[in-house]
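Undergrad:
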Amino acid sequence: MAEKVLENRPSWDEYFLDIAKAIAKRSTCYSGQTGAVLVRDKRILTTGYNGSTIGAPHCTDDGCLMKLTTYGDGEPKERCVRTIHAELNAIIQAALHGVSTKGATLYGIYKPCSQCMKAIVNAGIKRIVVVNNYHDEYTDKLAEMAGVEIVIFNKDINKHPGMK
Numbered sequence: 318m319a320e321k322v323l324e325n326r327p328s329w330d331e332y333f334l335d336i337a338k339a340i341a342k343r344s345t346c347y348s349g350q351t352g353a354v355l356v357r358d359k360r361i362l363t364t365g366y367n368g369s370t371i372g373a374p375h376c377t378d379d380g381c382l383m384k385l386t387t388y389g390d391g392e393p394k395e396r397c398v399r400t401i402h403a404e405l406n407a408i409i410q411a412a413l414h415g416v417s418t419k420g421a422t423l424y425g426i427y428k429p430c431s432q433c434m435k436a437i438v439n440a441g442i443k444r445i446v447v448v449n450n451y452h453d454e455y456t457d458k459l460a461e462m463a464g465v466e467i468v469i470f471n472k473d474i475n476k477h478p479g480m481k
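Residues 318 to 481, numbered by my numbering, are exactly what the sequence shown covers, in order.
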């Protein structure tokens, strides 16, 4: 007997993005709740959300630690420097637990910043699927040079809620 497929069943990309959205709810930074899921062969390897380092106060405890940063568009923007980004936390969890990220896909809320993209490239991650675009153009250059595919569901440039 043929198996019926539910009409509203999400694609694999939608499924893992939904998980990234749920993980983002654990974020402790007011400047934007983000989550990331590292996946290979339709299996979750690790997850990460943005928050402080182990033992340090969280933004929810002491407020965000904001710093002006100028990106590729030349406009200075405030960003929180207290937190580690979700993408980097997922990669760190893999390293901490001895899980290879080679050939994995990273699912997240925003296209990674160029700092996280450097770690993504060196971790051997080959595909990124995100809900929203992000303003760091160097990310795209790094991805192109390394052969990393980036899929963005919402192409409009979005800022983290706390970015000014």
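A virtual CB, placed ideally from N, CA and C, is assigned to each residue, including glycine. These figures come from a predicted structure and were not determined experimentally.
When you compare each of Ile445, Met383 and Tyr366 to leucine 459 by their alpha carbons, which one comes out closest?
TA: Of Ile445, Met383 and Tyr366, the residue nearest in Cα terms is Ile445.
Undergrad: Would the region 410-421 count as touching the region 384-402 if we require 3 or more Cβ pairs under 8 Å?
TA: no
Undergrad: In its own chain, which residues sit with a C-beta less than 6 Å from the C-beta of isoleucine 340, not counting the 5 before and 5 after it?
TA: Gly352, Thr364 and Tyr366
Undergrad: Rounded to whole angstroms, what's the CA-CA distance from alanine 463 to tyrosine 455? Just pull it up for me.
TA: 12 Å
Undergrad: Can you check which of these residues, Ile408, Asp453 and Leu382, is closest to threonine 345 by C-alpha distance?
TA: Leu382
Undergrad: Looking at the secondary structure, which residues open and close the alpha helix (DSSP H) in which glutamate 404 lies?
TA: 403-413
Undergrad: Tell me where the alpha helix (DSSP H) around alanine 341 begins and ends.
TA: 329-341
Undergrad: CA-CA distance, leucine 355 and glycine 368?
TA: 17 Å
Undergrad: In whole angstroms, give me the CA-to-CA distance for alanine 411 and valine 468.
TA: 22 Å
Undergrad: Near glycine 479, which residues of its chain fall below 6 Å by C-beta distance, leaving aside the five closest residues on each side in sequence?
TA: For glycine 479, the predicted model reports a pLDDT of 41, less than 50, meaning its position is unreliable; a value from the coordinates is still stated below. For glycine 479, where only same-chain residues beyond five positions count, the Cβ hits under 6 Å are Tyr347, Ser348 and Gly349.
Undergrad: For the beta strand (DSSP E) containing asparagine 449, name the first residue and the last one.
TA: 444-450
Undergrad: State the DSSP-derived secondary structure class of glutamate 466, mapped to helix, strand or coil.
TA: Correct three-state label for glutamate 466: strand.
Undergrad: The alpha helix (DSSP H) spanning isoleucine 437 covers which residue range?
TA: 431-439
Undergrad: Pick from Ser431, Lys428, Asp378 and Ala440: whose alpha carbon is nearest that of isoleucine 408?
TA: Ala440
Undergrad: Hey, how far is the Cα of threonine 387 from the Cα of valine 448?
TA: 24 Å
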